[in-house]
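To start, the structure itself, in C-alpha cells.
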Amino acid sequence: MAKMLGKKMNYHVDDSQELYAIGLTSILGGFFPVYPVSTALGRTMVNVKSGSKTQLSTVFSCALLLAIILWLGPLLRDLPKVIFLLESIRISMK
Numbered sequence: 002m003a004k005m006l007g008k009k010m011n012y013h014v015d016d017s018q019e020l021y022a023i024g025l026t027s028i029l030g031g032f033f034p035v036y037p038v039s040t041a042l043g044r045t046m047v048n049v050k051s052g053s054k055t056q057l058s059t060v061f062s063c064a065l066l067l068a069i070i071l072w073l074g075p076l077l078r079d080l081p082k083v084i085f086l087l088e089s090i091r092i093s094m095k
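By the count of our numbering, the sequence shown reaches residue 95 at its end, each step adding exactly one.
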C-alpha cells in the first residue's frame, strides 16, 4: 500500500524503512495484548481523498469516534440490534 500511495502522491518509499517499522511494531506488540499490524485501504483512501497530508488526521478521527462512543453510546444502548442491522443494510444498498 505504501508503494501505491507513493506513486499516487509522488514520493519515494524506502522498502527498508517500511520493513523496519513493521518488524519493530510486531516485536513490541508481542509484549502487549494488541492486534497485529495491518493496513486499512478504505480508511487511507478516505484520508487521501479528503486532502489530509499527515497522519495527524487519524488522531482527529479517533477523537471524534471516541466522543461519539462515550456520549452517544449510552443513548443508543436501548435500541434493538435488529434496527442497527436493518439500517446498515439499507445504507449499504444505496
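From the three backbone atoms N, C-alpha and C, an ideal C-beta is built for every residue, glycine too. All of these numbers come straight from a predicted model, not from anything done at the bench.
Residues near residue i by beta carbon distance below 8 Å, same chain, minus five either side
i     : result
GLY2  : What sits at residue 2 in the sequence shown is Met, not Gly. Same-chain partners within the cutoff: THR40, LEU42, THR45.
VAL49 : LEU6, LYS9, MET10
Residue i, enclosing alpha helix (DSSP H) - first and last residue
i    : result
MET5 : 3-10
Distance between beta carbons of residue j and residue i, contact taken as under 8 Å
i     : j     : result
VAL38 : ILE23 : 6 Å
Contacting residues, own chain, Cβ-Cβ under 6 Å from residue i (five flanking each side not counted)
i    : result
LYS4 : VAL14
Contacting residues, own chain, Cβ-Cβ under 7 Å from residue i (five flanking each side not counted)
i     : result
PRO34 : none
LEU57 : none
Ignoring anything shorter than 4 residues or poking outside the region 36-71, list the alpha helix (DSSP H) runs there in chain order.
-> 42-50
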